[in-house]
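Report on the following structure.
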Amino acid sequence: MHKQLYITHGYTATSQSHWFQWLKNQLIPHQINVDIFNMPNSSKPEPEAWLSYHQKHIHQLDENTVFIAHSLGCIATLRYLQQKNTPIKGLILVAGFDRHLTNLPELNAFTSEPINYAKLICNIPNRLVIASLDDEIVNCHYSEELAKKLQAQYITLEKSGHFLARQGFTEFPFLLEQTLKIFEI
1 MHKQLYITHG YTATSQSHWF QWLKNQLIPH QINVDIFNMP NSSKPEPEAW
51 LSYHQKHIHQ LDENTVFIAH SLGCIATLRY LQQKNTPIKG LILVAGFDRH
101 LTNLPELNAF TSEPINYAKL ICNIPNRLVI ASLDDEIVNC HYSEELAKKL
151 QAQYITLEKS GHFLARQGFT EFPFLLEQTL KIFEI
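Per the UniProt record's numbering: the sequence shown = residues 1 to 185.
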């Protein structure tokens with residue numbers, strides 16, 4: 001099977017937002033197939049709609065598959081993966097969280113049900129959580145808590161905000177490096 005990467009964006013974003021297309025373009029020369037999802041109704045997201053979207057659009061799930069998710073996309077991706085019994089290659093969560101955010105109560109439905117971390121740990125050997133120390137949307141301590149629950153490597157970056165285009169994140173070389181590492185390239 002070929003190498004497959006899926007990218008799930010966050011709240012109010014699209015496949016064209018932030019660093020997603022840049023990352024895809026960097027990975028194509030490495031023979032990695034990249035699908036960047038356009039999650040439904042990202043301005044008023046609903047957990048069941050996002051789960052259904054993942055179920056319909058993920059066509060390869062095996063030891064050559066890696067997932068990258070940003071912000072709200074992290075918890076949505078975890079919800080999808082916990083339903084599967086198939087081991088995958090890896091998972092990178094950028095500015096992820098699994099708890100209610102007081103500044104974004106409209107997203108509480110995504111974090112109301114607990115995640116089966118034990119199952120995810122068994123099925124995903126390469127787990128990485130990336131956070132920024134100055135993220136004003138998702139506190140880096142929330143990402144750190146998520147990393148601990150996932151028994152994932154946890155890396156903090158400085159002055160990266162919430163990894164948004166408006167904060168200068170239209171390219172993300174560090175993420176590219178980590179992705180290639182997981183794919184063993």
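The C-beta atom is built at its ideal place from N, Cα and C for all residues, glycine as well. Values in this document were obtained by computation on a predicted structure and should not be read as measured data.
I think residue i touches residue j, with their Cβ atoms under 8 Å apart; what is that distance to the nearest whole Å?
| i | j | result |
| --- | --- | --- |
| D62 | I88 | 7 Å |
| R127 | L150 | 5 Å |
| G10 | G90 | About 19 Å; that fails the 8 Å criterion. |
| M39 | T86 | Not quite, the Cβ-Cβ distance comes to about 22 Å (not below 8 Å), so this is no contact. |
Rounded to whole angstroms, what is the Cα-Cα separation between residue i and residue j?
| i | j | result |
| --- | --- | --- |
| I121 | V66 | 14 Å |
| residue 210 | A152 | Past the boundaries of the shown model lies residue 210; the chain is included only from 1 to 185, so the question cannot be answered. |
| I28 | S42 | 26 Å |
| K181 | I32 | 13 Å |
| A76 | F110 | 7 Å |
| W50 | F163 | 21 Å |
| F97 | S52 | 20 Å |
Could you check what DSSP says for residue i in three-state terms: helix, strand or coil?
| i | result |
| --- | --- |
| residue 188 | Within the shown structure, residues of the chain are numbered from 1 to 185, placing residue 188 beyond reach of any answer. |
| L104 | coil |
| T8 | strand |
| A109 | helix |
| S143 | helix |
| Q153 | strand |
Starting from the Cα of residue i, find the closest Cα among the options and give me that residue.
| i | options | result |
| --- | --- | --- |
| W22 | F183, G168, E184 | G168 |
| R99 | K84, K119, L78, Q83 | L78 |
| Q16 | K3, D35, L5 | D35 |
| E136 | L27, M39, S160, N85 | S160 |
| L176 | K24, N116, K3 | K24 |
| H18 | R166, L51, F110, A118 | R166 |
| H2 | P45, P47, Y117, N64 | N64 |
| I58 | I124, H30, Y6, F172 | Y6 |
| A95 | T12, Q4, Y154, T179 | Y154 |
| A118 | I130, L81, V129, D134 | L81 |
| I124 | K84, S132, I130, D134 | K84 |
| E171 | T14, F20, Q4 | F20 |
| Q178 | M39, Q26, T14 | Q26 |
**Message:** Using a Cβ distance threshold of 8 Å, determine whether the stretch 105 to 112 contacts the stretch 133 to 145, with at least three qualifying pairs required.
**Reply:** no
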